[in-house]
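First up is the structure itself, then whatever we jot down about it.
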Amino acid sequence: MRNFTFHNPTRIIFGEGEIAALDAYIPREARVLITYGGGSIKSNGVLAQVQAALGERTSFEFGGIEPNPTYETLMQAVALAREKNVDFLLAVGGGSVIDGTKFIAAALKFDGEPWDILAKRVEVRDALPFGSVLTLPATGSEMNNGGVISHRAKGDKLPFRSDATYPSFSVLDPTTTYSLPARQISNGVVDAFVHIVEQYLTFPVDAKVQDRFAEGLLITLIEEGPRALAEPTDYAVRANLMWTATLALNGLIGAGVPQDWATHMLGHEITALHGLDHAQTLAVVLPAMLSVRRDQKREKLLQFAERVWNITHGTDDERISAAITATRVFFERMAVGTRLRDYGIGGTSIGVLLAKLEEHGMTALGEHGDVTLEVSRRVYQFAV
Numbered sequence: 012m013r014n015f016t017f018h019n020p021t022r023i024i025f026g027e028g029e030i031a032a033l034d035a036y037i038p039r040e041a042r043v044l045i046t047y048g049g050g051s052i053k054s055n056g057v058l059a060q061v062q063a064a065l066g067e068r069t070s071f072e073f074g075g076i077e078p079n080p081t082y083e084t085l086m087q088a089v090a091l092a093r094e095k096n097v098d099f100l101l102a103v104g105g106g107s108v109i110d111g112t113k114f115i116a117a118a119l120k121f122d123g124e125p126w127d128i129l130a131k132r133v134e135v136r137d138a139l140p141f142g143s144v145l146t147l148p149a150t151g152s153e154m155n156n157g158g159v160i161s162h163r164a165k166g167d168k169l170p171f172r173s174d175a176t177y178p179s180f181s182v183l184d185p186t187t188t189y190s191l192p193a194r195q196i197s198n199g200v201v202d203a204f205v206h207i208v209e210q211y212l213t214f215p216v217d218a219k220v221q222d223r224f225a226e227g228l229l230i231t232l233i234e235e236g237p238r239a240l241a242e243p244t245d246y247a248v249r250a251n252l253m254w255t256a257t258l259a260l261n262g263l264i265g266a267g268v269p270q271d272w273a274t275h276m277l278g279h280e281i282t283a284l285h286g287l288d289h290a291q292t293l294a295v296v297l298p299a300m301l302s303v304r305r306d307q308k309r310e311k312l313l314q315f316a317e318r319v320w321n322i323t324h325g326t327d328d329e330r331i332s333a334a335i336t337a338t339r340v341f342f343e344r345m346a347v348g349t350r351l352r353d354y355g356i357g358g359t360s361i362g363v364l365l366a367k368l369e370e371h372g373m374t375a376l377g378e379h380g381d382v383t384l385e386v387s388r389r390v391y392q393f394a395v
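Quick note, the sequence shown lines up with residues 12 to 395 if you use the numbering used here.
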């Protein structure tokens, strides 16, 4: 196991009815900006619960944050927050809303052009305090310090992270997920699965705790993901999915181990160019990435095959192939396509995708830094 420092300051308030606990964690005198996405929090009653918990605090609303939050929209929220002298942000939604709110919080305290946080990777040293009410388990953004923001005009989708952009708290009430469309549940399960794989399927460093933890989370998603589609109001299923997605990317299973993230970087470019959902791109790229890099990931792929998929018979190569196939089948069982052609996309845009990777400095990706543009080309070709 490698040396590491683990610190996560986000308080988690978990369970049915816990939105009311907001009153205890937001200053009484705060001027609060509530951020959200398409407005489902109004129809499902979540916004009413939030407003009741805020009580007499002064609050404002900013809706319309996209599934892939854009710089253009978020800067409108920054302008509103400044106009209203807001001093606390409350994200109510899924990972995109929380990612966007992290950027708003950082931009409000940033001296300079906020896009430089992403494009030039300028350090964020301060941010407005914020919390979240999670309504879509997927990204783990409710308990980490990272986000991914798109720039519509530039055609870019870029990540950022800072110790200043951890939520101060996050409320996780599984009942808020009951009304989610099946597509969002499917995407959430795939997103969490790939988050775990990016930290687990690299190479062994004798990190037994992290490995077993990661494997347990993967098995939980495999068991509970299909049930979530079949039984949308089963509290136990939704609770387990919500907590798994949070633990998938709160830093714990990634402490002291090598990490990959090449699948995410290649996926971001597909979203930016073609508009696919984030999880759809991950479902497309991951099986291709594992197939192309099976030799570099050989030992962990065999472990993955045995411990997660219970594949114990056959040659090493046969077991690795079976594990990759099982992963693809699971994504498809979750109703998420695993090839570009499933979304009407051929191979004609591969050159553009590679050019964007090069523009963004994504030319030495992966746990070994050996995912060159040529390797990325092979992955994209395999994904068609």
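All C-beta atoms, glycine included, are put in the ideal place defined by N, C-alpha and C.
Note that the structure is a prediction, hence the values are computed from the model and not measured.
Given a cut-off of 8 Å on the beta-carbon distance, is the pair residue i and residue j in contact?
| i | j | result |
| --- | --- | --- |
| Asn96 | Arg42 | yes |
| Gly48 | Gly106 | no |
| Ser143 | Ala102 | yes |
| Ile160 | Phe224 | no |
| Ala241 | Arg249 | no |
| Ile109 | Ala117 | no |
| Leu145 | Val201 | no |
| Thr374 | Leu368 | yes |
| Ile264 | Gln314 | no |
| Ala266 | Phe17 | yes |
| Ala256 | Ala203 | yes |
| Gly50 | Leu85 | no |
| Ala130 | Leu100 | no |
| Ala316 | Arg350 | no |
How close, in whole Å, do the beta carbons of residue i and residue j come, if the pair is a contact with beta carbons under 8 Å?
| i | j | result |
| --- | --- | --- |
| Ile331 | Leu312 | 5 Å |
| Leu297 | Thr338 | 7 Å |
| Gly66 | Asp34 | 6 Å |
| Leu287 | Asn155 | 23 Å between Cβ atoms; not a contact. |
| Val205 | Thr150 | Rounded, the Cβ-Cβ distance is 11 Å, inconsistent with contact. |
| Ile24 | Phe180 | 6 Å |
| Gln60 | Ile37 | Between Ile37 and Gln60 the Cβ distance is about 14 Å, and since that is not below 8 Å, they are no contact. |
| Arg13 | Val216 | 6 Å |
| Ala175 | Ala138 | 4 Å |
| Gly28 | Asp222 | With 8 Å as the limit, Gly28 and Asp222 do not qualify as a contact, their Cβ atoms being about 36 Å apart. |
| Arg318 | Glu226 | 5 Å |
| His285 | Ile356 | 6 Å |
| Val57 | Thr187 | 5 Å |
Could you say which of the options lies nearest to residue i if we only look at CA atoms?
| i | options | result |
| --- | --- | --- |
| Tyr189 | Pro148, Leu119 and Thr374 | Pro148 |
| Gly377 | Asp353, Thr213 and Ala366 | Thr213 |
| Gly396 | Arg389, Met253 and Ile264 | Nothing can be reported for residue 396: it is not among the residues displayed for the chain, which extend from 12 to 395. |
| Asn55 | Pro192, Gly286, Lys131 and Met12 | Pro192 |
| Val303 | His206, Lys168 and Asp328 | Asp328 |
| Val386 | Thr326, Ala299 and Val347 | Ala299 |
| Val133 | Lys120, Phe141, Pro140 and Leu145 | Lys120 |
| Asp167 | Ala366, Ile52 and Gln60 | Ala366 |
| Gly236 | Pro78, Gly199, Ala64 and Gly227 | Gly199 |
| Gly362 | Gln221, Arg389, Gln314 and Ile207 | Arg389 |
| Gln270 | Lys308, Ala130, Ala394 and Leu58 | Lys308 |
| Glu40 | Asn19, Ser70, Met86 and Pro20 | Ser70 |
| Leu91 | Leu284, Leu277, Ile45 and Ile233 | Ile45 |
| Glu94 | Leu58, Phe73, Leu284 and Thr81 | Phe73 |
| Arg194 | Gly355, Val347, His371 and Arg352 | Val347 |
| Leu229 | Ala334, Gly380, Thr84 and Val268 | Ala334 |
| Val220 | Pro20, Arg136 and Val268 | Val268 |
Is residue i helix, strand or coil by DSSP?
| i | result |
| --- | --- |
| Ala138 | coil |
| Ala92 | helix |
| Val347 | coil |
| Glu370 | helix |
| Pro298 | helix |
| Pro125 | coil |
| Asn172 | Per the sequence presented here, residue 172 reads as Arg, with Asn not at that position. Three-state DSSP puts Arg172 in a strand. |
| Asp34 | helix |
| Asp167 | strand |
| Lys308 | coil |
| Lys219 | helix |
| Ser360 | coil |
| Asn156 | coil |
| Tyr211 | helix |
| Tyr189 | coil |
| Leu258 | helix |
| Asp328 | helix |
| Met253 | helix |
| Lys120 | coil |
| Ile52 | helix |
| Asp271 | coil |
| Phe15 | coil |
| Gly74 | coil |
| Ile322 | coil |
What does DSSP give as the partner residue(s) for residue i in the beta ladder?
| i | result |
| --- | --- |
| Ile23 | Ser181 |
| Thr81 | Ser161 |
| Ala102 | Thr46 and Ser143 |
| Thr69 | Arg42 |
| Val445 | Given that the chain is displayed from residue 12 to residue 395, the structure contains no residue 445 and the question cannot be resolved. |
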